[in-house]
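Heads up: the sequence lines are chains A and B, in that order. For what it's worth, the UniProt record's numbering labels the leading residue of the first sequence as 1, then goes sequentially. For what it's worth, the UniProt record's numbering labels the leading residue of the second sequence as 1, then goes sequentially. Glycine residues also receive a C-beta, built at the ideal position from the N, C-alpha and C atoms. For reference, the structure is listed below as structure tokens.
There are 2 protein chains.
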Amino acid sequence: MSDPLDDVFAALADPTRRTILAMLLEDDMAVTDVAEPFEMSLAAISKHLAILTRAGLISQEKRGRVKWCKLEPDALRGASVWMQGFGQFEPVNLDAFERFLESEFNTAPGDHSPEA
Amino acid sequence: MSDPLDDVFAALADPTRRTILAMLLEDDMAVTDVAEPFEMSLAAISKHLAILTRAGLISQEKRGRVKWCKLEPDALRGASVWMQGFGQFEPVNLDAFERFLESEFNTAPGDHSPEA
DNA sequence: ACGATCGTCAACCATTTGGTTGAATATGCT
DNA sequence: AGCATATTCAACCAAATGGTTGACGATCGT
Numbered sequence: 001m002s003d004p005l006d007d008v009f010a011a012l013a014d015p016t017r018r019t020i021l022a023m024l025l026e027d028d029m030a031v032t033d034v035a036e037p038f039e040m041s042l043a044a045i046s047k048h049l050a051i052l053t054r055a056g057l058i059s060q061e062k063r064g065r066v067k068w069c070k071l072e073p074d075a076l077r078g079a080s081v082w083m084q085g086f087g088q089f090e091p092v093n094l095d096a097f098e099r100f101l102e103s104e105f106n107t108a109p110g111d112h113s114p115e116a
Numbered sequence: 001m002s003d004p005l006d007d008v009f010a011a012l013a014d015p016t017r018r019t020i021l022a023m024l025l026e027d028d029m030a031v032t033d034v035a036e037p038f039e040m041s042l043a044a045i046s047k048h049l050a051i052l053t054r055a056g057l058i059s060q061e062k063r064g065r066v067k068w069c070k071l072e073p074d075a076l077r078g079a080s081v082w083m084q085g086f087g088q089f090e091p092v093n094l095d096a097f098e099r100f101l102e103s104e105f106n107t108a109p110g111d112h113s114p115e116a
């Protein structure tokens with residue numbers, strides 16, 4: 001009954017969560033490591049990660065006692081498409097959009113070289 | 001001290017507000033007319049519009065006793081760019097993106113034909 | 001000047017959010 | 001077995017959110 005965009009945008013509305021996503025852009029991380037740079041409890045970060053998971057923006061896989069967090073960038077697609085409905089642009093042709101991105105950046109899928 | 005993205009994404013997280021934005025895509029509207037299709041008080045809509053205004057997503061101009069609401073799609077740019085930092089796409093060349101959109105849809109700026 | 005319309009304000013309310021702490025659970029190490 | 005580490009759970013809290021209603025100030029039409 002509730003639009004997934006609700007969860008995605010709500011998840012993105014918090015700066016801590018956006019920072020977490022940016023961190024995960026570089027590499028998958030364990031919950032404890034995600035929490036390390038923040039001045040807030042591990043439990044708080046755990047909640048943030050749960051929210052990101054519910055929004056589909058990350059996935060969490062438990063391996064041993066460590067739970068690994070992985071960015072799921074595809075979850076941003078819906079939101080991105082929605083937003084592109086504004087501006088002067090018409091409802092967007094995603095296939096063409098992807099072709100455009102490919103030709104622009106010549107990037108193989110999943111091949112993002114971390115800059116740090 | 002607080003990131004404008006906080007306000008933009010928070011504004012977008014509510015389905016009522018997203019619907020309002022979609023309505024304004026077709027045309028500028030008076031507050032009362034924005035409120036009409038919703039089953040909630042005018043005051044509630046007025047608050048939603050205030051939130052959209054604070055996020056920069058719309059502007060409001062009072063002409064006579066009527067306050068006109070106008071979509072400000074540029075406010076989505078920052079959020080859009082932020083999001084495009086994810087996925088497999090690298091930090092995006094917006095100019096190229098716009099050229100792409102132009103060539104795809106061949107649409108004069110502001111010329112959006114409403115489908116309803 | 002009067003009444004109707006447009007929109008906001010103020011007070012209130014229930015629910016959600018973002019954080020805390022301490023206990024609990026699950027796994028790994030020796 | 002026993003202890004340390006990784007993570008969540010539960011209870012709690014303050015503040016923010018999304019809604020209501022009723023009163024209010026502006027402006028329009030007659």
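> Going along the chain, which residues of the stretch 61–84 of chain A sit with their C-beta nearer than 8 Å to a C-beta in chain B?
Replying inline: Look at the stretch 61–84 of chain A: the residues with a C-beta under 8 Å from a C-beta of chain B are Leu71, Pro73, Asp74, Leu76, Arg77, Ala79, Ser80, Trp82, Met83, Gln84.
> Excluding sequence positions up to five away, which residues of its chain have a Cβ less than 8 Å from the Cβ of Ala11(A)?
Replying inline: Hits under 8 Å: Arg17, Ile51, Leu52, Arg54, Ala55, Leu57.
> Pro7(A) to Ala13(B), Cα distance in whole Å?
Replying inline: Correcting the residue type first, residue 7(A) is Asp in the shown sequence and not Pro. Each residue's CA atom was taken as its position, placing Asp7(A) and Ala13(B) some 7 Å apart.
> Just the Cα atoms here: how many angstroms apart are Glu61(B) and Trp68(B)?
Replying inline: Whole-angstrom Cα-Cα distance: 5 Å.
> Looking only at DSSP bridge pairs, what is Leu71(B) linked to?
Replying inline: Answer is Ile58(B), bridged to Leu71(B).
> On the three-state DSSP scale, how would you describe Arg65(B)?
Replying inline: Coil.
>> Taking the beta carbon of Leu76(A) as the centre, do at least 16 other beta carbons fall within 10 Å, making it buried, or is it exposed?
In response: Buried, since its Cβ has 16 or more Cβ neighbours within 10 Å.
> In the DSSP assignment, what residue or residues form a beta bridge with Ala30(B)?
Replying inline: Paired residue(s): Trp68(B).
> Taking the alpha-carbon positions, what's the Phe38(A) to Thr19(A) distance?
Replying inline: The alpha-carbon atoms of Phe38(A) and Thr19(A) are separated by roughly 10 Å.
> Is the CB of Ala10(B) under 8 Å away from at least one CB in chain A?
Replying inline: At a cut-off of 8 Å between C-beta atoms, Ala10(B) counts as an interface residue with respect to chain A.
>> Within 8 Å of any Cβ in chain A, is that where the Cβ of Asp33(B) sits?
In response: It does not: the Cβ of Asp33(B) has no partner Cβ on chain A nearer than 8 Å.
>> Please tell me whether Val31(B) and Ser46(B) are closer than 8 Å, where the distance is taken between their beta carbons.
In response: Against a cut-off of 8 Å, the Cβ pair of Ser46(B) and Val31(B) comes out as a contact.
>> Rounded to whole angstroms, what is the Cα-Cα separation between Leu71(A) and Ser59(B)?
In response: In this structure, the straight-line span from the alpha carbon of Leu71(A) to that of Ser59(B) is close to 35 Å.
>> Strictly below 9 Å CB to CB, what residues from chain A border Arg18(B)?
In response: Residues of chain A whose Cβ lies closer than 9 Å to the Cβ of Arg18(B) are, in chain order, Asp3, Leu5, Asp6, Phe9, Trp82.
>> Using the three-state DSSP reduction, which class does Pro4(A) fall into: helix, strand or coil?
In response: Assignment of Pro4(A) by DSSP, reduced to helix, strand and coil, places it in the helix class.
> Are Pro15(B) and Gly78(B) closer than 8 Å when you measure CB to CB?
Replying inline: No, they are not a contact pair.
> Got a sec: is the Cβ-Cβ distance from Pro15(A) to anything in chain B below 8 Å?
Replying inline: It does: the Cβ of Pro15(A) has a partner Cβ on chain B nearer than 8 Å.
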